[in-house]
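Reviewing the structure listed below.
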Amino acid sequence: MLLAIDIGNTNVVLACAEVGRNLFEDRPPIWRLETDADKNSADYAAAIRDLLGADRCAAVTGAIVASVVPALSTVICDAVASATGHVPLLVGDDGVDLGIDINIDEPEQAGADRLGNAVGAQAHHQLPAIVLDFGTATTLDLVGADGAYEGGIIAPGVALSIDALEAAAAQLPRLALREFGADLPILGKNTVSAMESGIFWGYVSMIEGLLARLRADYGDVSMIATGGLAGLFSAHLPGINAVDPDLTVKGLFEIYARNSSAAARAQDG
62 MLLAIDIGNT
72 NVVLACAEVG
82 RNLFEDRPPI
92 WRLETDADKN
102 SADYAAAIRD
112 LLGADRCAAV
122 TGAIVASVVP
132 ALSTVICDAV
142 ASATGHVPLL
152 VGDDGVDLGI
162 DINIDEPEQA
172 GADRLGNAVG
182 AQAHHQLPAI
192 VLDFGTATTL
202 DLVGADGAYE
212 GGIIAPGVAL
222 SIDALEAAAA
232 QLPRLALREF
242 GADLPILGKN
252 TVSAMESGIF
262 WGYVSMIEGL
272 LARLRADYGD
282 VSMIATGGLA
292 GLFSAHLPGI
302 NAVDPDLTVK
312 GLFEIYARNS
322 SAAARAQDG
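Under my numbering, think of the first position of the sequence shown as 62, with each following residue one higher.
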């Protein structure tokens, strides 16, 4: 069994998959922890054992970690080693080959999660494609026809925008995200409905506009939505061709497989 961990600014996502499992047809089990930079490796090791259980921890034969929180990268890698007995691969480390070209000015600055998405798109979806990820930030990344990561767009995430409204505007209440429908009025008749319209239709319109500009420059590429809010927005974005909530961890499993195969070939040689 393989363990993939995606360390984000808001959540730490864990996923397990049997070796050789068809992740395109069969979703891996997913767990989430709140990202907490104050926790140490022992804390995270205990949390991993608690979430996965003793049998799964014992069954793990390999692991991979992607992180956009540098302070937690080593902490959680150590926690994985403690909980499973296996030192994980870390995306971005020397010797970890993604199997794709990174065609941007400073490749080392590309987020590990976004690169995981690119590999997941290459392995499981039609290319070229734009990956739309609803995370702490809302990102759109272009994966070329050859699977290369070509660059992207970073905008404030939905929850981040809600937090900013609450923090900076004394008279605005905290907005709770809920399932919106197409019948949500564009014009609010009270403070909450006005905020809901601004957040929901504002993000829909932003994504529609960015997608139109990207397609004008790069052709009729497909669009894949992922991240925690993909389901909320995708029904109102006809430009989305696929919703894949597990794209990042699928990409991590693929990176692990590519590096395991390369290591095996090197040993055989």
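Where a beta carbon is used, it is the ideal one built from N, C-alpha and C, also for glycine.
Secondary-structure assignment with DSSP links SER128 through a beta bridge to ILE68.
Between LEU238 and LEU313, the C-beta spacing is not below 9 angstroms. Cα atoms of ASP111 and CYS77: separation of roughly 14 angstroms, rounded to the nearest angstrom.
Restricting attention to GLU79, GLY259 and ALA65, the CA atom closest to the CA of VAL126 is found in ALA65. Apart from sequence neighbours up to five positions away, the residues of its chain that approach ALA184 with a beta-carbon distance below 8 angstroms are LYS311, GLY312 and GLU315, ordered along the chain.
Between ILE268 and SER222, the beta carbon gap of about 13 angstroms keeps them out of contact (Cβ cut-off 8 angstroms).
DSSP lists LEU193 and VAL304 as the bridge partner or partners of ALA286. In the structure shown, the three-state DSSP call for LEU201 is strand.
The residue among GLY218, ASN251 and ILE247 with its C-alpha nearest the C-alpha of PRO234 is ASN251. ALA78 is bridged by DSSP to LEU63. The region 109–166 is shown to contain whole beta strand (DSSP E) runs of 3 or more residues at 123–128, in chain order.
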